[in-house]
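First up is the structure itself, then whatever we jot down about it.
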Ligand code: BF8
Ligand code: SF4
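Residue numbers (my numbering): 78 to 708.
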């Protein structure tokens, strides 16, 4: 394609897949949304409490308090904190799995250390002696120290020291520094137990703190040690959208989050024995493609194509050309069970954390990862002969995408434009110069999911188009990154034509797309590091930089945890979906007003469900930050 794919075209492809589904009586999320609409008003406003069995209590003008006497602000605040704790738990447990994988590394084992330099850098940062140690001895020691971050009885998260001093001081003054990750999650659930906290200030305070334990703790470990294990991403070209499925090949979809699984599947899909097996059953080979954050992980490190994001997960099965969809944890529709039964698709679950009816469960763990992955690939290949060719419909939609902009990579490409001599880390100064000179007006970190409450992908794609036209560079992750990829916004050749003159020049000079793919949702921790580096290199507090966060189509508990750590790091954050708080004026003021969290962290939320207005508000915010800096 020499232009961007429009949302209408994406929808037309989805409609043709839904027609395919009708032939076999498949259900769809589009239908289930209709069945669930209208949603419960109490749930939407956050004003229902069922944390004890005297309830459920629902707050109305006639019944302003629950049976225990809790008012609407306490109920909405508790729900918000519980929501955040769920997200912090999921992200951080993913990080913990990565630490266990690191602990299992061996020179001749299933998993090795691919980025020893990064391991040594972090060991030094954590005060662990590196001299004279074998890299695997060091990996195991660092893994143990990292695992202690989850349960250590004293002290704060180690990575907090990476933040600018100003930010650390704000956290200290407000008592927001997170302790052990599990402690923060337990504390949140203790606080929301019947008869504990109902004071809005305390509930919101803990929401930020448990969020910070995710962003600067569990997620950051997930990201950093995934890099150590599987390599720190560098820019790599790949393809995206549903057309990456191959009609004549065995298609295996990897879906979920933890690269420990997907890395192994990718490895065995390239195994000559498996390729020979695929040929023996009449396929031309084995094609792996990703969905959701797993797609981001394997795209960044291996250039594996990205088939789609959260609300496209049913689409891959609906093509009739998916031999297996292999999942680990998080964001997996239970619908994939019955749906895959309508086709020949094998739905393979692998984690005891995500057990789903109508799936084949092959438990995956670090010691047996190789044989598990091989068994899964073999099962998929052998399933090729069960494909019903008359049901195959792969929409011809495919884009080019350049992915893999870790902080290290961003610094390198931009510093590379300004200085030919770049040391290993470089600085963000060239990027800052682009911003202060006005060539770039600022940056938006766009993240998060799809949500049927917003026209899927529309908010991501249209906001990105609007922002780049206004010379605002984007860094993206999660399903937002894939929305960008599906449209072609990660294609350096196509997307630059949609930029303002300044951003277009930067893209041409640095040979980058205007939308930089930073990875999966745990990789939003990379955005925290980038913001911190920009602040340290400029001497400007994070909240004053013309940089904001945005999650226009978010849906998960993880996304609320992310929102809380992004805002608590000083980035004003714009949401396109209300986090079930509109039932409480006090909680809304805490999150979005001038007298709430802004007093602690210098940033707050804006919730705006009109996507056009959401874009205008972000641009306005960036321009007012510029004006305040006098640039
Ligand atoms: O962690 S963006 S739908 S896939 S929650 Fe899920 Fe949302 Fe996608 Fe990854 Ni993130
Ligand atoms: Fe109702 Fe209070 Fe029990 Fe919540 S804790 S269900 S408001 S009685």
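Virtual Cβ for every residue (Gly too), placed ideally from N, Cα, C.
Delimiting residues of the beta strand (DSSP E) encompassing residue i
{"i": "residue 314", "result": "313-317"}
{"i": "residue 424", "result": "423-426"}
{"i": "residue 117", "result": "Note, residue 117: premise wrong, no beta strand (DSSP E); not H, not E."}
Residue i (DSSP reduced to helix, strand or coil)
{"i": "residue 441", "result": "coil"}
{"i": "residue 499", "result": "Confidence at residue 499 is low in this model, with a pLDDT of 47, below 50, so its placement is unreliable and the value that follows should be read with caution. Residue 499: coil per DSSP, three-state reduction."}
{"i": "residue 88", "result": "helix"}
{"i": "residue 326", "result": "coil"}
{"i": "residue 460", "result": "helix"}
{"i": "residue 406", "result": "coil"}
{"i": "residue 386", "result": "coil"}
{"i": "residue 476", "result": "strand"}
{"i": "residue 523", "result": "strand"}
{"i": "residue 561", "result": "helix"}
{"i": "residue 364", "result": "strand"}
{"i": "residue 180", "result": "helix"}
{"i": "residue 40", "result": "No statement about residue 40 is possible, as the shown extent of the chain runs from 78 to 708 and does not include it."}
{"i": "residue 334", "result": "coil"}
{"i": "residue 549", "result": "strand"}
{"i": "residue 305", "result": "helix"}
{"i": "residue 609", "result": "helix"}
{"i": "residue 415", "result": "helix"}
{"i": "residue 530", "result": "coil"}
{"i": "residue 667", "result": "helix"}
{"i": "residue 201", "result": "helix"}
{"i": "residue 148", "result": "coil"}
{"i": "residue 340", "result": "helix"}
{"i": "residue 155", "result": "helix"}
{"i": "residue 264", "result": "helix"}
{"i": "residue 420", "result": "coil"}
{"i": "residue 582", "result": "helix"}
{"i": "residue 170", "result": "helix"}
{"i": "residue 160", "result": "helix"}
Residue j beta carbon less than 8 Å from that of residue i
{"i": "residue 480", "j": "residue 628", "result": "no"}
{"i": "residue 290", "j": "residue 261", "result": "yes"}
{"i": "residue 34", "j": "residue 692", "result": "An answer regarding residue 34 cannot be provided, because it is not within the stretch 78 to 708 covered by the chain."}
{"i": "residue 308", "j": "residue 378", "result": "yes"}
{"i": "residue 638", "j": "residue 300", "result": "no"}
{"i": "residue 572", "j": "residue 317", "result": "no"}
{"i": "residue 382", "j": "residue 313", "result": "no"}
{"i": "residue 233", "j": "residue 256", "result": "yes"}
{"i": "residue 87", "j": "residue 534", "result": "yes"}
{"i": "residue 131", "j": "residue 298", "result": "no"}
{"i": "residue 272", "j": "residue 145", "result": "yes"}
{"i": "residue 661", "j": "residue 153", "result": "yes"}
{"i": "residue 390", "j": "residue 419", "result": "no"}
{"i": "residue 328", "j": "residue 400", "result": "yes"}
{"i": "residue 310", "j": "residue 483", "result": "yes"}
{"i": "residue 168", "j": "residue 221", "result": "no"}
{"i": "residue 654", "j": "residue 689", "result": "no"}
{"i": "residue 304", "j": "residue 171", "result": "no"}
{"i": "residue 650", "j": "residue 643", "result": "yes"}
Cross-strand partners of residue i (DSSP beta bridge)
{"i": "residue 134", "result": "126"}
{"i": "residue 554", "result": "596"}
{"i": "residue 188", "result": "Its beta-bridge partners do not exist; DSSP assigns none."}
{"i": "residue 651", "result": "627 and 683"}
Residue i: first and last residue of the uninterrupted alpha helix (DSSP H) it sits in
{"i": "residue 225", "result": "212-228"}
{"i": "residue 103", "result": "First-last for residue 103: undefined, no H or E at that position."}
{"i": "residue 624", "result": "Counting along the chain, residue 624 falls outside any alpha helix (DSSP H), though it belongs to the beta strand (DSSP E) covering 624-628."}
{"i": "residue 470", "result": "First-last for residue 470: undefined, no H or E at that position."}
{"i": "residue 357", "result": "349-357"}
{"i": "residue 774", "result": "The shown model of the chain, from 78 to 708, leaves out residue 774, and the question about it has no answer."}
{"i": "residue 281", "result": "277-290"}
{"i": "residue 377", "result": "369-379"}
{"i": "residue 245", "result": "242-251"}
{"i": "residue 641", "result": "634-645"}
query = So which residues touch the region around the ligand BF8, with touch meaning a C-beta under 7 Å from any heavy atom?
reply = With 7 Å as the limit between CB and the heavy atoms of the ligand BF8, the residues that fall short of it are 334, 369, 370, 386, 387, 407, 408, 524, 525, 526, 527, 555, 556, 557, 597, 598, 631, 632, 633, 635 and 636.
task = Could you name the residues whose beta carbon sits closer than 7 Å to any heavy atom belonging to the ligand SF4, keeping them in chain order?
result = 126, 127, 128, 129, 131, 132, 133, 134, 143, 144, 145, 147, 152 and 271
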